[in-house]
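Everything on this sheet refers to the single structure shown next.
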Amino acid sequence: MMDLNRRLIIRGLAATAAATMAGSSTRADERRTYDAPPERAADFVGRIGVNVHLAQKGTVYDRYYESSILRAIEDLSIKQIRQGVYTPAPGVTDTLYTRMRELARLGCRFSAVCNDPSDQYVTTPPSALPLIYEQCDGAIDIVEGGNEPALLADPTLNPTLSWLHQRGLHETVRRELAGSRIDVASPSYIQGNIALAKPLAGFADLSNLHPYPGMEHPETRGPGRLGGFRAAMVPVCGGVASLITETGYHTALATASAHLPVSEAIRARYMPRLLLFAYLAGMRRTYIYELRSSFGRGPADPESAFGLLTHEGRPTAAYRAVKTLIALFSGPRGPAAAPSPGPASPRPIATIGSHEDVQGQCFRRDDGTILLPLWLGVSGWDRGAQATRGPVSRQLRVECGDRRNALTMHRFDDEGGSRAASVPLEDGVGRIEVSDRLTVLEFAA
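Mapped onto the working numbering, the consecutive letters of the sequence shown carry residue numbers 423 to 867.
Right, dumping it as structure tokens:
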């Protein structure tokens with residue numbers, strides 16, 4: 423006869439197994455509903471921006487402004503531009519402000535970077551802001567303090583210079599540009615300098631982040647975690663909202679820099695996720711760094727490998743991915759884009775299955791179409807092998823409350839494109855595959 427201790431052990435193991443199976447079953451049958459009011463797709467698109475350097479004479483931004491830079495901004499349909507601004511001086515800044523006015527006529531708006539006196543190259547005094555605003559035809563939405571001020575270069579003086587400059591920017595905007603509705607963003611302190619920064623509460627409407635993930639995926643919980651960058655600025659700016667004025671990935675695979683690279687395929691896979699993740703985290707803007715790689719110094723130089731366009735001007739896979747994302751969320755133009763009088767969304771939408779690492783949220787386009795982007799927030803990059811991992815995927819069941827017979831699924835790829843396919847539904851129910859490549863479900867109005 424089995425002794426009591428053995429019976430108890432076996433009974434305990436059986437109970438553990440049953441609980442494990444029940445937990446697995448519960449996870450496999452998890453139901454996630456998307457019944458909150460959908461986000462506005464136009465709002466998401468309107469928060470995507472890009473960094474440019476229109477004032478640097480002799481650079482690719484200068485030499486190829488008309489043939490490459492302007493054309494790319496129009497092609498991508500990006501309307502938010504981050505640009506450094508300087509005290510207007512005839513014969514010195516004419517080209518910069520002529521170009522900014524041209525972009526303003528195309529509907530672009532600017533985040534204007536004003537460097538403080540700690541900058542070794544140029545300073546933009548707060549007193550110049552009214553004239554700068556006029557020179558840009560009023561197309562400035564955000565005024566920023568210094569770009570990555572070098573507080574460590576003089577820990578005694580530079581934090582005070584940065585603080586005084588920021589106070590001056592805020593006071594000038596509120597006093598002399600009171601009707602402009604400009605937000606004043608803090609300086610973009612790098613992580614190693616934040617501890618030296620003086621409190622800016624009352625002088626910053628937005629905290630200014632440069633949360634480069636390095637080789638980590640956008641949703642990482644590691645050192646590149648977006649929430650960590652935001653939390654680090656709370657002692658400086660308080661609980662104000664945040665924006666990202668620089669972020670992105672570089673592909674300089676031979677670099678010895680601590681800023682680690684990814685492949686171009688992974689950059690294309692990550693970039694749409696990065697933009698969506700930042701938006702859903704509440705970022706007021708997300709400016710990609712940068713439009714065109716400023717340098718062409720080879721595969722060991724990160725600064726030669728951030729651009730959506732290469733230094734030679736060729737579109738990268740990441741460029742195509744951003745363009746594809748913006749086009750899908752913008753929807754058709756012309757008569758087909760007329761606002762739909764129909765319901766805000768085909769309620770309810772739900773997915774059923776294991777949702778571990780699944781990210782997603784409904785958006786509504788102005789034509790009434792509902793978009794549901796879904797993806798797995800996991801890494802696709804093997805750092806040790808410096809190799810792109812194949813996509814991982816998971817099956818989910820999708821339910822649509824209006825019992826439609828089909829939906830359209832857009833699958834993004836590592837070349838920056840997407841393929842659309844019809845997914846058959848039976849009484850509004852069907853099966854989909856979600857992976858770490860973005861998938862967008864389209865529910866026509």
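Ideal Cβ positions, reconstructed from N, Cα and C, are used throughout, including at glycine.
Query	Result
Distance between residue 793 and residue 850 (C-alpha atoms, nearest Å)	16 Å
Straight-line Cα distance separating residue 726 from residue 596	39 Å
Whole alpha helix (DSSP H) elements within the stretch 672–759, 4-residue minimum	686–702, 739–752
Nearest-angstrom beta carbon gap, residue 753 and residue 723 [assumed within contact, 8 Å]	With a Cβ gap of about 39 Å, residue 723 and residue 753 do not count as contacting.
Outcome for residue 520 when other beta-carbon atoms lying within 10 angstroms are tallied against a minimum of 16	exposed
From 503, 455, 821, residue whose alpha carbon lies closest to that of residue 565	503
Under the three-state DSSP convention, the category residue 795 falls into	strand
Straight-line gap, residue 573 to residue 588 (C-alpha atoms, nearest Å)	14 Å
Other residues of its chain near residue 650: CB distance less than 7 Å, five sequence neighbours each side excluded	none
For residue 466, the first and last residue of its enclosing alpha helix (DSSP H)	463–468
Sequence-distant residues of its chain with Cβ nearer than 6 Å to residue 699 (five each side left out)	640, 641
Distance between residue 848 and residue 633 (C-alpha atoms, nearest Å)	44 Å
Alpha-carbon to alpha-carbon, residue 843 and residue 818	16 Å
Residue 647 - DSSP class collapsed to helix/strand/coil	coil
Secondary structure of residue 612, DSSP reduced to three states	coil
Burial state of residue 445 (16 or more Cβ within 10 Å)	Low confidence applies to residue 445: its pLDDT is 45, below 50, so where it sits in the model is not reliable enough to give any reading.
Beta-carbon gap between residue 483 and residue 492 smaller than 8 Å	no
Cutoff 7 Å; reference residue 636; Cβ partners in own chain excluding five residues on either side	646, 681, 682
Contact under 8 Å by Cβ, residue 814 with residue 796	no
Check whether residue 549 and residue 582 have beta carbons under 8 Å apart	no
Cα-Cα separation between residue 500 and residue 526, rounded to whole angstroms	12 Å
C-alpha gap between residue 552 and residue 662, whole angstroms	25 Å
Three or more C-beta pairs below 8 Å linking the stretch 819–826 and the stretch 459–474	no
Sufficient close CB pairs (3 or more, under 8 Å) joining the stretch 503–514 to the stretch 740–748	no
Extent of the continuous alpha helix (DSSP H) run through residue 524	516–527
Three-state secondary structure assigned by DSSP to residue 637	coil
Per-residue DSSP class, three states only, for residue 510	coil
Simplified DSSP assignment, three categories, for residue 588	helix
Euclidean distance between Cα positions of residue 678 and residue 598	47 Å
Whole-Å CB distance - residue 473 paired with residue 713, under 8 Å assumed	7 Å
Buried/exposed call for residue 608, threshold 16 Cβ in 10 Å	buried
Nonlocal neighbours in the same chain, by C-beta distance under 7 Å from residue 660, ignoring five residues either side	623
Distance between residue 512 and residue 631 (C-alpha atoms, nearest Å)	33 Å
DSSP three-state assignment for residue 557, whether helix, strand or coil	helix
Residues that DSSP places opposite residue 804 in a beta bridge	809
Close Cβ partners of residue 732 (< 7 Å) along its chain, the five nearest in sequence each way excluded	715, 738
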